[in-house]
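Numbering of the sequence shown is given in our numbering, commencing with residue 159 and proceeding in unit increments. Note that beta-carbon positions come from the ideal geometry of N, C-alpha and C, so glycine has one too. Before any comments, here is the structure.
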Amino acid sequence: MHTTRRSLLAGAAGAAATPLATVVAFEDPSCRQCRRFETETFPTLKSELVDPGDAAFVYRTLDITFPWGEPASQVMASTYAAADAFWGLKDYYYERQPEFEVDNVFELSASYLEEQPSVDADAVVAAARDGEHDEFVQRNRDAAEEAGVGSTPQFFLFRDGTFRTEVAGPQDYEVFESALGFDA
């Protein structure tokens, strides 16, 4: 496997360039370990590295855990053009994860999106139901396969455009900080 920043960023959601570091994440909205990362580690990673501009965080859906992850990935792909809706929906899925099942993903997603001024909830859900972004979702699957991702969450860390390491599972913030060289 030859992991490159460029191949992992192709077609991804999130910042594509940063002066120092990039974290490419493969996560499943239905994955409990991803939820742990998103609720326990990501807030610190975001406040300490992403918000100050030291690192970019690129989120790629990989719907391999529970069946409801696939329609959730479709809805996320349908919100990609509206960053605030995309990132908010990601948070919503993890915060309310136990409530989701394959039969209610579209309904619960629409309920959340109706409160977001940057998207038309009905249009987003219709696009997701119709599979309008199948190609986008498949690109994430293909990138994961090419990178050897077998479970979620899995992260690929880059510093100055150079691959540093992979991180598997919901690791603590300090693992990311150290691997990216921000612990000095």
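Below 8 Å, enough C-beta pairs join the segment 227-247 and the segment 289-297 to call them touching: three or more.
Short of 7 Å from the beta carbon of alanine 279, and not among the five residues preceding or following it, lie these beta carbons of its own chain, in chain order: Ala268, Leu271 and Glu272. In this structure the segment 250-269 does not lie against the segment 201-215, because fewer than three pairs of beta carbons, one per stretch, are closer than 8 Å.
With 16 or more other Cβ atoms from the protein chains shown falling within 10 Å of its own Cβ, threonine 180 counts as buried. Three or more Cβ pairs drawn from the segment 182-194 and the segment 305-312 lie within less than 8 Å of each other, which places the two stretches in contact. Aspartate 249 places its beta carbon less than 9 Å from that of glutamate 196. Boundaries of the beta strand (DSSP E) harbouring glutamine 312: 312-317, taken from the DSSP string. Under the three-state reduction of DSSP, tyrosine 217 is assigned to strand.
Partner residues in the beta bridge of threonine 320, as assigned by DSSP, are Arg317. Alanine 337 has its alpha-carbon roughly 13 Å from the corresponding atom of leucine 178. Leaving aside the five residues that flank cysteine 192 on each side, the residues in its chain whose CB is nearer than 6 Å to its CB run, in chain order, Glu185, Asp186, Thr310 and Pro311.
Assigned with DSSP and collapsed to three states, glutamate 259 falls in coil, not helix or strand. Under the DSSP assignment, threonine 202 falls in the alpha helix (DSSP H) whose first and last residues are 200-203. In terms of Cβ geometry, phenylalanine 334 and glutamate 324 do not form a close pair [threshold 9 Å].
In the three-state reduction of the DSSP assignment, threonine 180 falls in the strand class, which pools E and B. Arginine 299 and alanine 243 have their alpha carbons spaced roughly 22 Å apart. When rounded, the separation of the alpha-carbon atoms in alanine 214 and arginine 287 is 30 Å. DSSP places proline 229 inside the alpha helix (DSSP H), whose first and last residues are 227-236. As for any alpha helix (DSSP H) of minimum length 4 sitting wholly inside the segment 248-310, the runs are 263-271, 279-287 and 292-305, ordered along the chain.
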